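Just so you know, numbering that gives the first Met the number 0 puts 195 at position 196 of the sequence shown, and the rest follows in order with no gaps. Beta carbons are placed, not taken as given, at the ideal position from N, Cα and C, and that holds for glycine. Just so you know, these numbers come straight off a predicted model, no measurement behind them. Presented below is the structure to which this report refers.
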Amino acid sequence: MLAYTRLMMGFLLFAPAPRRIAMVGLGGGSLAKFCYRYLPDSRIQVIEINPFVIALRDEFEIPRDDHRFHVCKGDAADYVRTVQSRYDVIMADGFDADGIPADLGSRSFYDNCFDLLEEAGILVVNLHLHHECFQTYLERIKRSFAGHVLMVNDFDLSNTIVFAFKQMPTVSLLTNLKLCEDALNPEAWQQLAPSFSRIVRFSRWHSRV
């Protein structure tokens with residue numbers, strides 16, 4: 000996985016056992032494959048608007064649809080507005096050639112994500128740090144989630160991962176860091192440990208400002 004996708008998996012520090020995960024955008028499938036392989040108790044719904052991306056799922060060795068994994072073709076903005084299911088985690092990494100499509104960066108999209116989450120749910124958004132709309136999207140997320148956000152820049156400062164919480168977590172990240180190490184497959188932990196430690200450091204900085 001890329002550095003920013005490993006950071007996106009940091010939701011496990013706050014929700015170590017998600018039952019239902021929604022993913023906005025399939026892309027190369029690294030997040031979908033990782034969650035399917037290493038979170039066997041999670042049910043995963045992927046929403047991808049581009050049929051050509053879906054057509055490449057076999058080439059990228061993305062799992063077949065089964066009882067806990069499903070890829071659907073559709074507009075994620077419509078999906079979060081109309082679906083009746085609730086999710087523990089929503090991961091938003093939907094981009095086109097110009098960046099995040101307007102519908103996926105709108106106030107209504109983030110509001111609908113908030114409504115779609117369980118009470119302790121988390122929205123995880125990948126934003127391009129230097130995109131002209133970065134601050135606009137960030138402020139919309141903050142408004143939709145009452146300011147309950149944690150921002151973590153990736154290692155090369157090209158992406159910012161925003162963790163938006165329906166309820167501000169009260170967990171000890173150091174405690175959960177150890178719980179994740181114990182619970183995750185050793186191979187998965189080896190991939191994620193540096194990113195998880197980075198999130199803990201950023202959370203300490205946030206607590207001082």
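- [ ] Count the CB pairs spanning the segment 161 to 179 and the segment 34 to 53 that are closer than 8 Å, and state whether there are at least three.
- [x] no
Task: Continuous beta strand (DSSP E) assignments of at least 3 residues falling wholly in the segment 1 to 37 - done: 19 to 23
TODO: Specify the secondary structure class of A75 as computed by DSSP and reduced to three states.
DONE: helix
Task: Between the CA atoms of R19 and D74 - distance to the nearest angstrom - done: 19 Å
Task: Rounded Cβ spacing between I237 and G9 (contact assumed at less than 8 Å) - done: Past the boundaries of the shown model lies residue 237; the chain is included only from 0 to 208, so the question cannot be answered.
- [ ] Note down, in chain order, each residue of its chain lying with its Cβ closer than 7 Å to the Cβ of I53, except the 5 sequence neighbours on either side.
- [x] L25, E47, V70 and K72
Open item on the list: Please report the distance separating the alpha-carbon of D95 from that of M167.
Closed with: 31 Å
Open item on the list: Helix, strand or coil, according to DSSP, for R203 in the structure here?
Closed with: helix
TODO: Starting from D114, trace the alpha helix (DSSP H) both ways and give me its first and last residue.
DONE: It spans R106 to L115 - the alpha helix (DSSP H) in which D114 sits, taken as one unbroken run.
Task: The alpha helix (DSSP H) enclosing R243, as first and last residue numbers - done: Nothing can be reported for residue 243: it is not among the residues displayed for the chain, which extend from 0 to 208.
Open item on the list: Applying the 10 Å Cβ sphere with the 16-neighbour rule, what's the burial state of V170?
Closed with: exposed
Task: Simplified DSSP assignment, three categories, for F94 - done: F94: coil per DSSP, three-state reduction.
Task: Straight-line Cα distance separating V124 from G98 - done: Between G98 and V124, the C-alpha separation is close to 13 Å.
- [ ] Starting from the C-beta of Y78, find all residues in its chain whose C-beta is less than 6 Å away, skip the five residues before and the five after it, and write them out in chain order.
- [x] These residues qualify, in order along the chain: I46.
TODO: Within 10 angstroms of the Cβ of F51, are there 16 or more other Cβ atoms? Answer buried if so, exposed if not.
DONE: It counts as exposed.
Open item on the list: Distance check for L30 and G93, CA to CA, integer angstroms please.
Closed with: When rounded, the distance between both Cα atoms is 12 Å.
Task: Three-state secondary structure assigned by DSSP to F59 - done: It is coil, neither helix nor strand.
Open item on the list: Using a Cβ-Cβ cutoff of less than 8 Å, which residues in the same chain neighbour S194 once the five nearest sequence positions on both sides are dropped?
Closed with: A2, R5, L6, M8 and G9
Task: Length of the line joining the Cα atoms of L183 and Q189 - done: Straight through space, the alpha carbons of Q189 and L183 are spaced by roughly 9 Å.
Task: Three-state secondary structure assigned by DSSP to V208 - done: Confidence is the limiting factor: at V208 the pLDDT is only 37, short of 50, which leaves the residue's position unreliable, though a coordinate-based value still follows. Correct three-state label for V208: coil.
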